[in-house]
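Participant: Pasting a structure below so you can have a look.
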Amino acid sequence: MMFSVQALFLSLALTAAPVWPEASTPAWNDLFAVDIAQERLSPPPPKAVDKGMSYSVTYKGEIAGFDVGRIFLNIAASEANYEVGYRMEQRGIARWFSDAEARTTAHGSYDQGEIDAHYYFNHDFEREDDQQYVELYRKSGDRRLHLWTDPQYDFAEAVSESQALGALDPMAALMMLGFSPAPEGKTPCDRKVKVFDGRRLFHLQMIDEGTEFIRKGGKGRFEGTAYKCKLTQEKIAGYREKDKGDIEGDLWVYLADVPVDFRHDSFAYVPVMIVAKRGFISARLEGKNPMITAHDGRQINLGKR
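In the working numbering, the protein residues as written are 101 to 405.
Here it is, written out as structure tokens:
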């Protein structure tokens, strides 16, 4: 019995959260890429997306024919900057397991086609007493990122400044993976982005699996040829193995070409469908009424072509 108690205490000691140095001290800076703010950040407001395009779509989620939720996405992008509004909610049988919902806003600027400064605010909540706020900001030219979170969360592992250098927040990564033109000599499915959400650092990589003709799955859905991109995730640092948000199983993102009259150097593709498969279970997120709007009021609904 004594041996079992000793083993238990040893196990607790080994799995306990590490004790980190005080935030913003030199010892902290040697370990972490983020400067912790005690209050909400005050980044500059987003610049108006002048002479850009906007994309709005509602992704309907289904598993085995059951309605499990929605993702509402609104983005605006010009050659100089972008804005993102994102909301996720669970419905139907998914509510049996969780009432999870998330709301995100983000904005940033481009420099020669690459994202320069970027700001990200995310609110995850399931119940009134179980909420998480994360605000992350990297100024143009900065090596370090600014982070505010309330309530404070424990870090699973240190992510250093050098590791996070060049990393994008999750919404900036969405812009680079799903909307930006493909690098010269590559397909839109052939790219890799380093992502940092304030605690976890990972790589998202899209792998080209050719094109596929998508048939309408319902009214207002896209029908036509799309690029089939397999999305993989490589954990780098800051992870607990059971963290939420990891990609489990296989995931594919389908990108459609933006029509020529609406296309520009930061807005070349739009995600019209997402398919996930884990074991015998598959899920689909189909975009309903994927609408592109130009700055001059012209519109095209990719679900009605």
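Beta carbons: idealized from backbone N, C-alpha and C, even for Gly.
(1) Consider the Cβ of residue 350: report whether some Cβ of chain D lies at a distance smaller than 8 Å.
(2) Are the beta-carbon atoms of residue 273 and residue 293 separated by less than 8 Å?
(3) Does the stretch 237-252 come close enough to the stretch 135-147 to have 3 or more Cβ pairs within less than 8 Å?
(4) For residue 279 and residue 376, which I take to be in contact (beta-carbon distance under 8 Å), what is that distance rounded to the nearest angstrom?
(5) In terms of alpha-carbon separation, which member of 393, 137, 369 lies closest to residue 283?
(6) Starting from the Cα of residue 190, find the closest Cα among 160, 390, 323 and give me that residue.
(7) Measuring straight from C-alpha to C-alpha, what distance separates residue 387 and residue 362?
(8) Rounded to whole angstroms, what's the CA-CA distance from residue 84 to residue 309? Just pull it up for me.
(9) Less than 8 Å separating the beta-carbons of residue 224 and residue 206?
(10) If you check the beta carbons only, do residue 153 and residue 311 fall under 8 Å apart?
(11) If you follow the alpha helix (DSSP H) that residue 130 is in, where does it begin and where does it stop?
(12) Starting from residue 261, trace the alpha helix (DSSP H) in both directions and tell me its first and last residue.
Facilitator: In brief:
(1) Structure shown: chain D not included; a single protein chain is present.
(2) By one-based count along the sequence shown, residue 273 stands at place 173. By one-based count along the sequence shown, residue 293 stands at place 193. In this structure, residue 273 places its C-beta atom within 8 Å of the C-beta atom of residue 293.
(3) Short answer: they touch.
(4) Position 179 of the sequence shown, counting from 1, holds the residue named residue 279. Position 276 of the sequence shown, counting from 1, holds the residue named residue 376. That belief does not hold up - the Cβ atoms of residue 279 and residue 376 are roughly 21 Å apart, past 8 Å.
(5) Within the sequence shown, residue 283 is the residue found at index 183, counting from 1. A check of alpha carbon separations from residue 283 across 393, 137, 369 identifies 369 as the nearest.
(6) For the purposes of this step, residue 190 is identified with residue 90 of the sequence shown, where counting begins at 1. Comparing C-alpha distances from residue 190 to each of 160, 390, 323 shows the shortest one belongs to 160.
(7) On the sequence shown, residue 387 is found 287 positions in, with the first residue counted as 1. On the sequence shown, residue 362 is found 262 positions in, with the first residue counted as 1. About 19 Å.
(8) Nothing about residue 84 can be reported from this structure: the residues present for the chain run from 101 to 405 only.
(9) As a first step, residue 224 must be located in the sequence shown, where it is residue number 124. As a first step, residue 206 must be located in the sequence shown, where it is residue number 106. The criterion of a C-beta distance shorter than 8 Å is not satisfied by residue 224 and residue 206.
(10) Start at 1 with the first residue of the sequence shown, and residue 153 comes out as number 53. Start at 1 with the first residue of the sequence shown, and residue 311 comes out as number 211. Not a contact, by the Cβ cut-off of 8 Å.
(11) Working through the sequence shown from its first residue, we reach residue 130 at position 30. Start and end: 126-131.
(12) Looking up residue 261 in the sequence shown gives position 161. 261-264 is the span of the alpha helix (DSSP H), which, as asked, contains residue 261.
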